[in-house]
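Numbering (UniProt numbering), first residue to last: 1 to 81.
Structure below.
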């Protein structure tokens with residue numbers, strides 16, 4: 001989704017019991033960061049689930065043309081790279 005959209009938000013960052021998942025979060029952040037996705041964990045002012053006080057914000061990195069969302073078709077129907 002981060003490749004074709006401007007921003008992806010993931011919430012909650014805890015399991016169903018409200019426990020943090022630090023190892024999983026660290027591996028997701030490392031993998032996406034290595035793929036050129038800008039990754040940020042941000043606190044949120046709400047808690048819809050116990051222990052869920054943060055979200056993951058993902059933004060695709062600008063391409064050579066400066067356009068976010070590489071992989072989406074351009075105006076001619078071709079895939080951007």
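Backbone N, C-alpha and C fix where the C-beta goes; we use that ideal spot for every residue, glycine too. Since the model is a prediction, treat every value here as computed from it, not as a measurement.
Worksheet entry | Neighbourhood of residue 53 by C-beta distance below 7 Å, restricted to the same chain and skipping five residues each side | Shown here for residue 53: same chain residues with a beta carbon closer than 7 Å to its own, the five before and five after excluded, namely 43, 44, 47 in chain order.
Practice prompt. Give the straight-line distance between the Cα atoms of residue 9 and residue 1, rounded to the nearest whole angstrom.
Written response: Residue 9 and residue 1: Cα-Cα distance of roughly 10 Å.
Practice prompt. Could you work out which residue in 38, 6, 49 is closest to residue 14 when comparing CA atoms only?
Written response: Closest in C-alpha terms to residue 14, from the list 38, 6, 49, comes 49.
Worksheet item: Shortest alpha-carbon distance to residue 51 belongs to which of 5, 19, 3?
Response: 19
Item to complete: Could you tell me the distance, in whole angstroms, from the CA atom of residue 5 to the CA atom of residue 23?
Response: 26 Å
Item to complete: Assign residue 2 to one of three DSSP states: helix, strand, or coil.
Response: coil
Fill in: residue 20, DSSP secondary structure in three states
strand
Discussion item. Taking 6 Å as the limit between beta carbons, can you name the residues of its chain near residue 11, skipping five residues before and five after?
Written reply: 55, listed in sequence order.
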